[in-house]
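In this note's numbering, the protein residues as written are 5 to 466.
C-beta: ideal position from N, C-alpha, C; glycine also.
It should be emphasised that the depicted structure is a prediction, and the values quoted were computed from it without experimental measurement.
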Ligand code: GLU
C-alpha cells in the first residue's frame with residue numbers, strides 16, 4: 005500500500021446515528037487523523053424504501069456535534085447510480101457477472117428443495133454461464149437481476165485489523181445479487197465500487213459485516229481493484245448482555261445530546277468502549293488521535309455501562325468553567341421554556357460538581373428562574389415552629405445586608421447567635437424555601453445569586 009491513509013464511515017440513513025456507528029466513525033476518523041490521512045463520509049442510501057432525508061440530516065448533525073469532521077462528503081450512493089451501472093456493464097462484458105431471470109417463486113422453490121435435502125440454502129447458479137452449459141430460455145416479462153460470479157471454491161482469507169486472520173470458504177457463499185431489477189445496486193457491490201473509487205485504504209465497521217467481507221474481497225479482485233484493510237469492531241452489548249438496541253434504552257447519539265451529555269465525554273466514552281490506551285480513562289481528542297494507531301482494539305464485545313458514561317460526563321462537566329457550561333445549560337433551560345440571564349455562568353460554576361449531565365444542571369438552574377415546589381414532607385421536617393422566629397430575623401436582616409456572599413455569611417452567623425441555633429437548623433429550612441431542596445451548596449453562595457427580593461419573597465412563605 006502506498007499513499008495516503010483514507011478511511012470512511014458509511015451510515016445508512018434509515019434512522020439516527022447509532023452509538024455503534026458513532027464509535028466506528030470515531031475509530032475511522034482517529035485512524036485517518038493519526039496517520040495524517042483523510043476521512044470520508046458516505047451516505048449509503050440505496051435502500052430507497054427505508055432511507056429518509058430526515059435520517060441523513062440527523063446523522064450529519066450528530067457527526068457535527070461529535071466534532072468528527074470529514075475531508076470529503078457527504079457522498080450519496082444514489083447520486084452514483086451511473087457509475088455502478090458502468091461497472092456492472094464492464095463485469096457483464098468481462099464475464100464476472102451475469103443476468104439471472106429467476107422469479108421469487110422459483111427461488112422459494114429452490115430453497116424449499118434445498119431445505120428438504122438438508123442443504124444450505126444457496127442460489128444454485130442455474131443462470132451462471134459456463135463453457136458448454138445450456139442456459140434456460142429467457143422468460144418473457146421477468147426483469148433480470150445481475151449476479152456476481154463468486155468463485156465456487158477456495159478460501160477467502162484476510163488479516164483483520166481487529167480480529168486477526170479470518171477465513172471463509174467460498175462454498176459458504178453464493179453468487180450474490182449485485183444489481184436489482186430496478187437498476188439500484190445492492191450494498192455489497194456499491195460498497196466495493198465506492199471504496200475503490202474513493203481510494204479507501206482502511207475499512208472499520210461493525211462485525212455484523214464479517215460475512216459480507218468475502219464477497220467484497222472477491223468483487224475487489226474481480227475488478228482488479230486494490231484491497232483495503234478491514235477491521236471489524238465487535239458489537240456493543242447492553243447491560244443485559246444483548247445487542248444494544250432501541251428496546252433496551254437510548255442508542256442514538258441525538259438522545260445523549262438531548263439528555264445533557266457533552267460531545268467530548270461521548271467521544272471519550274465511546275473510544276474506551278472497545279479500545280484502550282493503558283489504564284487511561286479520560287483523555288482528550290488530541291491524545292486519542294496521537295495514540296490511535298489501530299492497535300489495542302478489543303476482539304470481544306464491549307458492554308455499555310450507563311453509570312460509567314455518566315461518570316465520564318461528570319468529569320467533563322466539572323472540568324468546564326461556568327462560562328463554558330452556560331450556553332449548554334441555557335439550551336436545556338430553553339426546552340423548559342426558561343430564558344436564562346447573566347447569572348447563569350455563576351449558577352453553573354456553583355452547581356456543576358453535583359451534576360453528571362447538563363440536564364441535571366438545568367434542573368438546579370431552574371430554581372433561579374421559575375417557581376419552586378416545597379414538598380409537604382420537607383416543610384414538616386425542616387420548617388418547624390422552633391426555627392420560624394430565626395427565619396423572620398433573617399428576612400429582616402436580608403433587607404439591608406450588602407448583597408455579597410461574605411456579608412451574607414456574617415449576617416447568617418449573627419442570626420444563629422441571636423437565636424442560639426446551629427447552622428443546619430436554619431440552613432435546611434432556608435434551602436428548602438429558597439431552592440426547594442435541603443441539599444445545596446453553601447447557603448451564602450446560593451443566596452448571593454438570587455436577587456434580594458426573590459429570597460425574601462420565598463422566605464416569607466415559611
Ligand atoms: N451502510 C453500512 C452500514 O451502515 C456500511 C457498512 C460498511 O461500513 O461497509 O452498516
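query	result
Contained alpha helix (DSSP H) runs [length at least 4] in the stretch 94–144, N- to C-terminal order	108–120
Alpha helix (DSSP H) runs contained entirely in the stretch 194–254, provided each spans 4 or more residues	217–227
Residue 16 Cβ short of 8 angstroms to the ligand GLU heavy atom set	yes
CB contact check: residue 272 to chain D, cutoff 9 angstroms	Note that chain D does not occur in the displayed structure, where there is just one protein chain.
Beta-carbon contacts of residue 409 that lie in its chain and below 6 angstroms, excluding the five residues immediately before and after	448, 449 and 452
The ligand GLU heavy atom lying under 8 angstroms from the CB of residue 191	yes
Whole-angstrom distance between residue 446 and residue 336, CA atom to CA atom	25 angstroms
C-alpha distance - residue 300 paired with residue 381, whole-angstrom precision	53 angstroms
Given 8 angstroms, three or more beta-carbon pairs between the stretch 141–161 and the stretch 178–185	yes
Endpoints, beta strand (DSSP E) assigned at residue 152	149–152
Of the residues 66, 192 and 216, the one placed nearest residue 259, counting alpha carbons only	66
First and last residue of the uninterrupted alpha helix (DSSP H) at residue 60	57–70
According to DSSP, residues forming a beta bridge with residue 327	Answer is none; residue 327 lacks a bridge partner.
Simplified DSSP assignment, three categories, for residue 38	helix
Where residue 174 sits in the DSSP three-state scheme	helix
Contact between the stretch 62–76 and the stretch 92–106 (3+ Cβ pairs under 8 angstroms)	no
Residue 342 in three-state terms, based on DSSP	coil
Cβ distance (whole Å) where residue 60 is taken to contact residue 188 below 8 angstroms	About 17 angstroms separates the two Cβ atoms, so there is no contact after all.
Simplified DSSP state of residue 460, which is helix, strand or coil	helix
Counted within 10 angstroms of its Cβ, other Cβ atoms place residue 54 as buried (16 or more) or exposed	exposed
C-beta contact flag for residue 391 and residue 425 at 9 angstroms	yes
Rounded separation between residue 419 and residue 348 - CA only	29 angstroms
Residues near residue 24 by beta carbon distance below 6 angstroms, same chain, minus five either side	210 and 240
Contacts around residue 205, its chain only, beta-carbon distance under 8 angstroms, and the 5 residues preceding and following it disregarded	5, 7, 8, 9, 10, 11, 41, 232 and 233
Paired residues, beta bridge with residue 189 - DSSP	183
Those residues which DSSP pairs with residue 281 across a bridge	Residue 281 pairs with nothing; no bridge assigned.
Buried or exposed by the 16-neighbour rule on C-beta atoms within 10 Å, applied to residue 311	exposed
Pick from 256, 132, 140 and 341 that is closest to residue 19, judged by C-alpha positions	256
Reduced DSSP secondary structure (H/G/I, E/B, other) of residue 162	strand
Proximity winner among 403, 287, 208 and 190, relative to residue 88 (alpha-carbon distances)	190
Residues near residue 165 in its chain [Cβ-Cβ closer than 6 angstroms; skip 5 each side]	233, 235 and 298
Unbroken alpha helix (DSSP H) run spanning residue 273, endpoints	267–276
Any non-hydrogen atom of the ligand GLU within 8 angstroms of residue 444 CB	no
Near the ligand GLU: residue 77 beta-carbon under 8 angstroms from a heavy atom	no
Residue from 318, 329, 346 and 439 with nearest C-alpha to residue 491	The structure shown does not extend to residue 491, since the chain is modelled only from 5 to 466, so the question has no answer here.
Classification of residue 133 by the beta-carbon crowding that lies within 10 angstroms, buried from 16 upward	exposed
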